[in-house]
Amino acid sequence: MAADRDGSPDRVKVLLDANALMMPAQFGVDIYEELSLLFGDYEAITLEDVVGELAGLTRGRGRDAAAARVGLAMAERSRVLPSGSLRRSVDERVAEFAEREGCVVVTNDRHLRNALLDRGIDVVSMRKQKKLELIRG
Numbered sequence: 001m002a003a004d005r006d007g008s009p010d011r012v013k014v015l016l017d018a019n020a021l022m023m024p025a026q027f028g029v030d031i032y033e034e035l036s037l038l039f040g041d042y043e044a045i046t047l048e049d050v051v052g053e054l055a056g057l058t059r060g061r062g063r064d065a066a067a068a069r070v071g072l073a074m075a076e077r078s079r080v081l082p083s084g085s086l087r088r089s090v091d092e093r094v095a096e097f098a099e100r101e102g103c104v105v106v107t108n109d110r111h112l113r114n115a116l117l118d119r120g121i122d123v124v125s126m127r128k129q130k131k132l133e134l135i136r137g
């Protein structure tokens, strides 16, 4: 683990995608507690694009809209940053940001998870709908 200028170790940067932020409502998992168990000290980051995606989902009805509302509230507990990307999809922006900034990505999206792992990016994903696990990229 690298160290800051003052000699303290760097915190793990953990990037949360939309469906990660919806996990608490969908599966009853406290993602922030689970991430603390995995990494100890970490920095939770959410992209503005992800917040926008969640906001769009809240306009619907049913379980996904309710989970997206919870996700928006959960995003407030993380540092919200611009992606700095002009890529089309939010998933592509997440991958580009993670690669550029050295983040671990929390997602339960199989397609995104596989794309991240193919790029050598570590992923945290749900295991047995109860716990989060780290998958090395």
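Under full-length UniProt numbering, the first residue of the sequence shown is numbered 1, with each subsequent residue one higher. In this text, a Cβ means the ideal position worked out from N, Cα and C, and glycines have one as well.
Beta-carbon proximity of residue i to residue j, cut-off 8 Å
i, j, result
"Leu112", "Gly137", "no"
"Ala18", "Val70", "no"
"Val123", "Thr107", "yes"
"Val104", "Lys13", "yes"
"Ala67", "Ala25", "yes"
Residue i, buried or exposed, once every other Cβ within 10 Å from all chains shown has been counted against 16
i, result
"Asp41", "exposed"
"Asp30", "exposed"
"Ala44", "buried"
"Asn114", "exposed"
"residue 148", "This structure does not reach residue 148, given that the chain is present from 1 up to 137, and the question cannot be answered."
Cβ separation of residue i and residue j, assumed to be a contact under 8 Å, to the nearest whole Å
i, j, result
"Ser85", "Thr46", "About 14 Å separates the two Cβ atoms, so there is no contact after all."
"Leu54", "Leu72", "5 Å"
"Phe39", "Gln129", "With 8 Å as the limit, Phe39 and Gln129 do not qualify as a contact, their Cβ atoms being about 21 Å apart."
Alpha helix (DSSP H) runs wholly inside the stretch 53-77, at least 4 long, in chain order: Every unbroken stretch of the alpha helix (DSSP H) spanning 4 or more residues and falling wholly within the stretch 53-77 is given here in chain order: 63-75.
Touching by the beta-carbon criterion (3+ pairs, under 8 Å), the stretch 57-68 and the stretch 89-101: No, the stretch 57-68 is not in contact with the stretch 89-101.
Beta strand (DSSP E) runs wholly inside the stretch 21-51, at least 3 long, in chain order: Here the runs fully enclosed are 42-47.
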